[in-house]
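Since the structure comes first, as structure tokens, the remarks are kept for the end.
2 protein chains.
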Amino acid sequence: MSDRRTAILEAAATVIARRGVRGLRVEELAVEAGVSKALIYYHFEDRTGLLRRTLAFVNNRAERYTAEQSAADAATGAAPASGPLRRLEQALLLELQDLPHVRENSTAWGELRASAVFDPELRGELALASVIWVREVADQLGEVRPTAPEPALVASAERLTALLEGLSARWLSGILPLTDARTRMREAIGVEVAHLARHTADRSADGTPTSPNKLD
Amino acid sequence: MSDRRTAILEAAATVIARRGVRGLRVEELAVEAGVSKALIYYHFEDRTGLLRRTLAFVNNRAERYTAEQSAADAATGAAPASGPLRRLEQALLLELQDLPHVRENSTAWGELRASAVFDPELRGELALASVIWVREVADQLGEVRPTAPEPALVASAERLTALLEGLSARWLSGILPLTDARTRMREAIGVEVAHLARHTADRSADGTPTSPNKLD
Chain Z
1 MSDRRTAILE AAATVIARRG VRGLRVEELA VEAGVSKALI YYHFEDRTGL
51 LRRTLAFVNN RAERYTAEQS AADAATGAAP ASGPLRRLEQ ALLLELQDLP
101 HVRENSTAWG ELRASAVFDP ELRGELALAS VIWVREVADQ LGEVRPTAPE
151 PALVASAERL TALLEGLSAR WLSGILPLTD ARTRMREAIG VEVAHLARHT
201 ADRSADGTPT SPNKLD
Chain R
217 MSDRRTAILE AAATVIARRG VRGLRVEELA VEAGVSKALI YYHFEDRTGL
267 LRRTLAFVNN RAERYTAEQS AADAATGAAP ASGPLRRLEQ ALLLELQDLP
317 HVRENSTAWG ELRASAVFDP ELRGELALAS VIWVREVADQ LGEVRPTAPE
367 PALVASAERL TALLEGLSAR WLSGILPLTD ARTRMREAIG VEVAHLARHT
417 ADRSADGTPT SPNKLD
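First to last, the protein sequences are chains Z and R. First residue of the first sequence? That's 1 in the working numbering, and the numbers climb one at a time after it. First residue of the second sequence? That's 217 in the working numbering, and the numbers climb one at a time after it.
Put into structure tokens, the structure is as follows:
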């Protein structure tokens, strides 16, 4: 990807986090990116094309947190997260860090998602990104609980990722302290992993899956 | 509250849901409410006063869902939700209904919260509303699990309410079908209630509280 194209996408994420999708003006974006308006239209055709590429850019940047953290651990000699449960916790908690790029990325994501309430043009991309993320977390849960049934893993992953978005929104808007958000997230992972263990044990006892709503 | 004051607050929730807090213009609000701009300033002094009252209005309206549902059940002769667990489920699932006023209310709440990311003026009210909601859900969980320790009830309530906000945001933006959002929410209540039962049992066994992160 060209440097100037990347600069435009970085600036678009910044402006969307600050002003929302509805507040994104190509004039302000051009100033923020230090390029001409013409270059923006050259690279992205129209507003919809720009928003779609920004969504993908924001999404890819979030995926890179994990890789960066692993590299940073290696560089400082810190022990990498070992065991599937620690890796899962680390991956989810990376989104609850008080770092400017994490704040900006999560805020921009929230604004892009909110724009889809009235404007359907980004819904396909948003739904696909969500499905891929849920799939990744389900796979990580499957490494922690290898005998848990597939639908239970996906349901747990959907709850954990939706909870993370809910906690992140409360933290970003100053409603919930970051340490509380991280504690709630860590607890939720423990609760879901224990639930999957029980689910598996119940299932293996008589061969029939147990309703996840079953109460003791 | 005067009819015209209520009309202004209803219109403010509508405009904020549609355009965001940043997109709220007093001209458009006056047209939507069918009143003069002067009357808006007479009732709410300034923009901050208007936003604070709108937040309280949106919050009170959400609290009324439960009362309206109970009244509707009584009117149609439907059996009211019986037992603390059913009442808890019903209260939380009322926010995941495909009704125009629920959609509008949740969307307006999300926009008001998002506005607090860069503008701290509503943070105090948002945090208070959140604390009150968490307290109510913790009390309902306490009716289901009377022997669960207080901090565990509050932590479960904080997770359930944050999850509901996360699922609601996905549903409203067209990423997650409503039936899936409702299923995930119902499952989460079951998982948390089972967790609280285990927590209680572990605690009574040797008198020391068990870490909610404990893995089997």
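Glycine residues also receive a C-beta, built at the ideal position from the N, C-alpha and C atoms. Model, not experiment: these values are computed from the prediction.
In the three-state reduction of the DSSP assignment, D335/R falls in the coil class, being assigned neither a helical nor a strand state.
Shown here for E111/Z: same chain residues with a beta carbon closer than 7 angstroms to its own, the five before and five after excluded, namely I16, A17, G20, V21 in chain order. Residue contact check for R339/R against chain Z: a CB pair falls below 8 angstroms.
For the region 170-195 of chain Z, the beta-carbon criterion of a distance under 9 angstroms to any beta-carbon of chain R is satisfied by R170, L172, S173, G174, I175, L176, D180, A181, T183, R184, M185, R186, E187, A188, I189, G190, V191, E192, V193, A194, H195. Residue nearest to L99/Z within the set Y65/Z, A33/Z, A81/Z, E143/Z is Y65/Z (criterion: CA-CA distance). From the beta-carbon of A332/R, the residues of chain Z found nearer than 8 angstroms are S173, G174, I175. In this structure V154/Z does not touch L85/Z by the C-beta definition: roughly 18 angstroms separates them, more than the 8 angstroms allowed. In the three-state scheme derived from DSSP, where H, G and I count as helix and E and B as strand, I175/Z is classed as coil.
Collapsing the DSSP output to three states places D262/R in coil. Inclusion of S389/R and A78/Z in the CB contact set at 8 angstroms is not warranted, their separation being larger than that value. For the options G382/R, G358/R, R241/R, L412/R, the alpha carbon positioned closest to that of T264/R is the one of R241/R.
With at least 16 other beta carbons inside 10 angstroms of its own, G358/R counts as buried. The DSSP-derived three-state label of S2/Z is coil. T54/Z carries a helical assignment under DSSP once its states are collapsed to helix, strand and coil. In this structure, L122/Z keeps its C-beta atom at 8 angstroms or more from the C-beta atom of R61/Z. Among the residues facing chain Z, L312/R is not included, as its CB has no counterpart in that chain under 8 angstroms away. Going by DSSP, E244/R is part of the alpha helix (DSSP H) stretching over 242-249.
Residue state for D139/Z is assigned as helix, using DSSP reduced to three classes. In its chain, beyond the 5 residues on either side, L160, L163 have a beta carbon closer than 7 angstroms to the beta carbon of A188/Z. Under the criterion of beta carbons closer than 8 angstroms, A181/Z and R170/Z qualify as touching, at roughly 7 angstroms.
When Cβ-Cβ separations below 8 angstroms define contact, A127/Z makes contact with chain R. Per DSSP, the continuous alpha helix (DSSP H) segment holding P300/R begins and ends at 300-309. The region 28-40 of chain Z makes contact with the region 1-15 of chain Z, as at least three CB pairs between them are under 8 angstroms. Straight through space, the alpha carbons of L310/R and E352/R are spaced by roughly 15 angstroms. Judged by their CB atoms, H195/Z and V407/R are nearer to each other than the 8 angstroms cut-off.
Rounded to the nearest angstrom, the gap between the Cα atoms of A413/R and H317/R is 36 angstroms. Contact check for T416/R against A364/R passes: the beta carbons are separated by less than 8 angstroms. Within the same chain, L312, L392, A397, R400, M401 come within 8 angstroms of L383/R by CB-CB distance, once the 5 residues on both sides are set aside. Residues of the region 36-58 of chain Z with a C-beta atom less than 7 angstroms from some C-beta of chain R do not occur. Residue state for D396/R is assigned as helix, using DSSP reduced to three classes. Rounded to the nearest angstrom, the Cβ distance from T107/Z to V347/R is 23 angstroms, too far for a contact under 8 angstroms.
Listed in chain order, the non-local C-beta contacts of V193/Z below 6 angstroms within the same chain comprise V144, local neighbours out to five positions each way being set aside. Using a CB distance cut-off of 8 angstroms, E366/R does not count as an interface residue toward chain Z. Take R220/R, set aside five residues on each side of it, and the residues of its chain with a beta-carbon closer than 7 angstroms to its own are V251, L255, in chain order. Relative to A229/R, the option among D262/R, A354/R, A272/R, L342/R whose CA is nearest is A272/R.
Put simply, the CB of A278/R is far from chain Z, with every gap to its CB atoms at 8 angstroms or more.
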